[in-house]
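Shown next, in structure tokens, is the structure this report addresses.
Residue numbers (full-length UniProt numbering): 1 to 85.
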């Protein structure tokens with residue numbers, strides 16, 4: 001009888017411990033950088049290549065022109081999977 005009670009109490013204890021897990025949300029860092037060149041035909045891939053040159057590996061990027069009418073500077077905003085930013 002004592003053995004059965006010990007097993008049941010152990011089972012309940014493990015059950016409560018395993019159910020008390022908090023969900024962890026992944027943090028995403030967003031960095032932006034200005035470049036003197038324009039975005040080109042495929043600006044998102046251009047931004048990813050630019051960041052990889054400085055040993056940073058973004059998951060996705062968005063390239064925008066400061067002035068869309070002129071071939072001028074561009075702004076790359078990229079998302080990185082790791083912290084710290």
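Glycine included, C-beta positions come from ideal geometry on N, C-alpha and C.
Other residues of its chain near residue 74: CB distance less than 6 Å, five sequence neighbours each side excluded: Sequence index remark: in the chain shown, residue 74 carries index 74 (1-based). Around residue 74: 35, 38, 39, 63 and 65.
From 67, 28, 76 and 29, residue whose alpha carbon lies closest to that of residue 48: For the purposes of this step, residue 48 is taken as residue 48 along the chain shown, with counting starting at 1. Of the listed residues, the one whose Cα sits closest to residue 48 is 76.
Could you spell out where the beta strand (DSSP E) holding residue 34 opens and where it closes? As a first step, residue 34 must be located in the chain shown, where it is residue number 34. Run containing residue 34: 29-35, per the beta strand (DSSP E) assignment.
For residue 79, which of helix, strand or coil comes out of DSSP? Within the chain shown, the letter at position 79 stands for residue 79. Residue 79: strand per DSSP, three-state reduction.
Please list, in chain order, all residues of the same chain as residue 43 whose beta carbon is under 6 Å from its beta carbon, the five residues on each side excluded. In the chain shown, the residue the question calls residue 43 occupies position 43. These residues qualify, in order along the chain: 63.
Measure how close the beta-carbons of residue 28 and residue 79 come, nearest whole angstrom, since I'm counting them as under 8 Å. Here the question's residue 28 lines up with position 28 in the chain shown. Here the question's residue 79 lines up with position 79 in the chain shown. Going by Cβ atoms, the distance from residue 28 to residue 79 rounds to 5 Å, so yes, they are a contact pair.
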